[in-house]
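Peer 1: In mature numbering (1 follows the signal peptide of the UniProt record, and there is no 0), the protein residues as written are -29 to -1, 1 to 321. The C-beta atom is built at its ideal place from N, Cα and C for all residues, glycine as well.
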Amino acid sequence: MSLHSKTDLAALPLCLVCGALFLCQPAQAVQGFQSGVQLCLRTVVPALFPFFVLCDLLLACRLPGRALRPLGRALGLQSPHAAAALLLSWFGGYAVCGRMTGRLWREGTLPARDAALLLMLGCCSSPGFVVGCVGGLLLGSVQAGVLLYALQLAANLLATEVCLPLLPKAESARTPTVPAPDARPSLPLALQSAADSCLHVCGCVVFFRMLGAVLALLLPQHALAEALLAACLEISAGCAAFASLGGGAALYGCCLCLSVLGVSVWMQLALLLQRAVPLRLLAVNRLVHIVLLQGLVWLLIRFVPGAVHAASTLPARVIPMQRLPLDAALVSLCFVCAALYKVRQNFYNG
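(1) Classify G219 as buried or exposed, calling it buried when 16 or more other Cβ atoms lie within 10 Å of its own Cβ.
(2) Excluding sequence positions up to five away, which residues of its chain have a Cβ less than 8 angstroms from the Cβ of A287?
(3) Output the distance between the C-alpha atoms of A247 and P82, rounded to the nearest integer angstrom.
(4) Do you know how far the Cα of A221 is from the Cα of G183?
(5) Using the rule of at least 16 other Cβ atoms within 10 Å of the residue's Cβ for burial, across every protein chain shown, is V177 buried or exposed?
(6) Taking all protein chains shown into account, do 16 or more other C-beta atoms lie within 10 angstroms of the C-beta of F274, making it buried, or fewer, making it exposed?
(7) In whole angstroms, what is the alpha-carbon distance linking H52 and L89?
(8) From what residue to what residue does the alpha helix (DSSP H) around V234 run?
(9) Taking A(-1) as part of the alpha helix (DSSP H), name the residues at either end of that continuous run.
(10) So, at 6 angstroms on beta carbons, what are the nonlocal neighbours of C(-12) in its own chain, with the 5 sequence-adjacent residues on each side left out?
(11) Along the alpha helix (DSSP H) that carries I272, what are the first and last residues, could you check?
(12) So, for L264: in the same chain, excluding its five sequence neighbours on each side, which residues have a beta-carbon less than 7 angstroms away from its beta-carbon?
(13) Determine the extent of the alpha helix (DSSP H) in which L75 is found, giving its start and end residues.
(14) Quick check: S112 and G64, are their CB atoms within less than 8 angstroms of each other?
(15) Tell me, please, whether the stretch 238 to 247 touches the stretch 67 to 81 by the rule of three or more beta-carbon pairs shorter than 8 angstroms.
(16) Near T131, which residues of its chain fall below 6 angstroms by C-beta distance, leaving aside the five closest residues on each side in sequence?
(17) Give the single residue among L190, G217, D27 whose Cα lies nearest to the Cα of residue 396.
(18) As a quick exercise: from P(-4), A208, L271, P249, pick the residue whose alpha carbon is nearest that of V15.
(19) Counting along the chain, where does the alpha helix (DSSP H) carrying T131 start and finish?
(20) Excluding the five sequence neighbours on either side, which residues of its own chain have a C-beta within less than 8 angstroms of the C-beta of P139, listed in chain order?
(21) Based on Cα-Cα distance, which residue from V259, H260, L186 lies nearest to L(-16)?
(22) What are the boundary residues of the alpha helix (DSSP H) that includes G107?
(23) Between G106 and L240, is the Cβ-Cβ spacing less than 8 angstroms?
(24) Nearest by alpha-carbon distance to H260: which of C(-6), V67, L128, P249 is it?
(25) Just curious, the alpha helix (DSSP H) that L225 is in, first and last residue?
(26) I'd like the list of long-range same chain contacts for V117, defined as Cβ closer than 6 angstroms, with 5 residues on each side in sequence excluded.
(27) Which residues mark the beginning and the end of the alpha helix (DSSP H) in which E205 is found?
(28) Please report the straight-line C-alpha distance between R257 and Q5, rounded to a whole angstrom.
(29) F62: which of V133, L25, Q114, L48 sits nearest, CA to CA?
(30) Given a cut-off of 8 angstroms on the beta-carbon distance, is the pair F23 and C169 in contact?
(31) By Cβ distance, which residues of its chain are closer than 7 angstroms to A201, with the 5 residues on each side in sequence left out?
(32) Taking the CB atoms as reference points, tell me whether M238 and A(-1) lie closer together than 8 angstroms.
(33) CB A54 to CB M71, shorter than 8 angstroms?
(34) On the DSSP letters alone, give me the boundaries of the alpha helix (DSSP H) that G174 sits inside.
(35) Are the CB atoms of I206 and V236 within a distance shorter than 8 angstroms?
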């Protein structure tokens, strides 16, 4: 029996179970679908679509690899396009990394060794998500978000260094599997390609949001169990679930999500890479990444004042109140002062 046949037999029961869960819990499935669509419209598409377009335009312009060649050589990248692709990946996140790696590999401009190295070095969460969402919104500290973003890149570098013996050997030039794009930048083609990639990513996000909403009913009603399930399925839902725990659990739980990435991200990478690079090596890399990121955060988070204690302890459904208007604040202050004066009078007269 071939490997593909075995994979099909293993996938069939999973498909049947997922279909049964969606049919048995339609309300939860709809709720997860709505949550996934809102996430895509508010966060995923605005964050990824401009970078996807930019990547295609830069590829058509033949990325400025000469200026970044020293950076590429320092990191062991031989391809003239790899260093620029790595910088775009650090700013655009794992989806941009997967898209750039797969595209360059299929065009024959990125050897297999450089492709695997680029994927391990560049697979990270974008600064907008880590600094703005995880740090600013979930942990209540932008400084903590900046530190987490820097440390995840440091963990990428260290974990890749550990996995260097596992890299494939350098290969000679090979025939590209797709024709190289026209050297002239084409905005319409870049927009079309970026839209297709965004649809792939959003499909994964919506499906695993639905699956997470249904599976949550089968688990014991425990916050930690729900957070672990969310982290295994989808990175943003996992970070939000751990942040609701508060304290150190929020901080280190978000670090776990940044390392594990979640099944949704792994499916997105598989779609974007299109078998350009095997994901087994990246899986080993992320296991090392978990240990390194947790250790780096434990060592350095103490230098960010109040970062651990700033993590939100509010339940997920609590909506924080906004600041009072100035007139209402003055009236409230006068009321409190009058109440304290009355209490003082009663105390001393008594």
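Peer 2: Taking the definition as stated:
(1) For G219, the number of other beta carbons within 10 angstroms of its own is below 16, and it is reported as exposed.
(2) Only weak support exists for where A287 lies, its pLDDT of 46 falling under 50; the value from the coordinates is given anyway. So the qualifying residues of the chain are A211, A212, S215.
(3) 10 angstroms
(4) 19 angstroms
(5) buried
(6) exposed
(7) If you draw a straight line from the Cα of H52 to the Cα of L89, it comes to about 11 angstroms.
(8) 234 to 244
(9) Counting along the chain, the alpha helix (DSSP H) containing A(-1) begins and ends at -4 to 10.
(10) none
(11) Looking at the DSSP string, I272 is not in any alpha helix (DSSP H), and its letter there is neither H nor E.
(12) L122, Q123, A126, C226, L229, S230
(13) 65 to 77
(14) no
(15) yes
(16) Excluding positions up to five away in sequence, the list reads M91, L92.
(17) Outside the displayed range of the chain (-29 to 321) lies residue 396, so it cannot be described from this structure.
(18) Comparing alpha-carbon positions, the option among P(-4), A208, L271, P249 lying closest to V15 turns out to be A208.
(19) Counting along the chain, the alpha helix (DSSP H) containing T131 begins and ends at 113 to 133.
(20) A83, R84, A87
(21) Closest option to L(-16), Cα to Cα, is L186.
(22) Looking at the DSSP string, G107 is not in any alpha helix (DSSP H), and its letter there is neither H nor E.
(23) No, the Cβ-Cβ distance between G106 and L240 is not below 8 angstroms.
(24) L128
(25) The question names Leu, but residue 225 in the sequence shown is Cys. For C225, the enclosing alpha helix (DSSP H) covers residues 218 to 231.
(26) V102
(27) Judged by DSSP secondary structure, E205 falls outside any alpha helix (DSSP H); it is assigned neither H nor E.
(28) 30 angstroms
(29) Ranked by how close their Cα comes to the Cα of F62, the residues V133, L25, Q114, L48 have L25 in first place.
(30) yes
(31) Here A201 has G183, A208, G209, A212 as same chain residues with Cβ atoms under 7 angstroms from its own Cβ, once five neighbours each way along the sequence are excluded.
(32) no
(33) no
(34) According to the DSSP assignment, G174 belongs to the alpha helix (DSSP H) that extends over 158 to 186.
(35) yes
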